[in-house]
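Colleague:
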Amino acid sequence: MFGAMIEPRIGYGYDIHRLKKGRKLILGGLEIPFERGLQGHSDADVVCHALSDAILGALALGDIGTHFPPSDPKWLNANSLHLLSDVWKMAENRQLILGNTDITVVAEEPKLAPHIDEMRSRLAKCLGAPVDRISIKATTNEGLGPEGRGEAISASAVCLLLVPGD
Ligand code: MG
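Each residue of the sequence shown is one higher than the one before, starting from 5 at the first, in this note's numbering.
So this is what it looks like as structure tokens:
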């Protein structure tokens, strides 16, 4: 099926995790200083999870819950960059390259702007892609909803996968 796949593929992913005291805040593979972190079985990195789901969506291969079930102790406190790297191998195995990805993180606090470029370079390294193919934007939720009340951080991602041109 994928052998005949020569067309571009787009994917979309979304994730949200609760903020909790006593956890490290990891976003885009980077530890960000904050008094709370995201709760989850793995490191709960919503940026890596949303991007992983976008890539799996582009490949029509399900979601990270199926590939890395939270019931499996193997993924306890897992570094989500490693999950992303495993997901990316599935795209590489199909001879696809990253056209680009665009990610939006919704967090009332902390301020993410100072950390965006480091997150982009970590994702770029993980995917073996130039950093200018990776966009990360951060926004608040204007005090609305779980992100706005500071109860959670969410992220959504789109990606475009391409067959390298000849
Ligand atoms: Mg998640």
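Note that the Cβ used here is the ideal one computed from N, Cα and C, for glycine as well. Keep in mind it's a predicted model, so treat the numbers as computed, not measured.
Going along the chain, which residues of its own chain have a beta-carbon closer than 6 angstroms to the beta-carbon of S139, five neighbours each way excluded?
Modeller: Residue mapping note: residue 139 aligns to position 135 of the sequence shown, counting from 1. Result list for S139: D106, in chain order.
Colleague: Assuming G33 contacts L85 (C-beta within less than 8 angstroms), just tell me the rounded distance between them.
Modeller: Stepping through the sequence shown from its first residue, residue 33 is reached at position 29. Stepping through the sequence shown from its first residue, residue 85 is reached at position 81. Going by Cβ atoms, the distance from G33 to L85 rounds to 4 angstroms, so yes, they are a contact pair.
Colleague: Quick check: the segment 141–153 against the segment 94–105, are there 3 or more CB pairs under 8 angstroms?
Modeller: no
Colleague: Within a Cβ cutoff of 7 angstroms, which residues of the same chain sit near I120, ignoring the five residues on either side of it in sequence?
Modeller: Here residue 120 refers to the residue found at position 116 of the sequence shown. Hits under 7 angstroms: I140 and A142.
Colleague: Any chance the segment 12–26 sits against the segment 48–64, with 3 or more Cβ pairs inside 8 angstroms?
Modeller: The segment 12–26 is in contact with the segment 48–64.
Colleague: Residues around the ligand MG, please: the condition is that the C-beta lies closer than 5 angstroms to some non-hydrogen atom of it.
Modeller: D19 and H53
Colleague: Are the segment 64–79 and the segment 22–39 touching by the rule of at least three beta carbon pairs closer than 8 angstroms?
Modeller: no
Colleague: Look at the Cβ atom of E35, then the Cβ atom of L29, and state whether they are nearer than 8 angstroms.
Modeller: Within the sequence shown, the letter at position 31 stands for residue 35. Within the sequence shown, the letter at position 25 stands for residue 29. Cβ atoms of E35 and L29: closer than 8 angstroms.
Colleague: Pick from K115, S56 and E112: whose alpha carbon is nearest that of T70?
Modeller: One-based indexing of the sequence shown puts residue 70 at position 66. Here the closest residue by C-alpha is S56.
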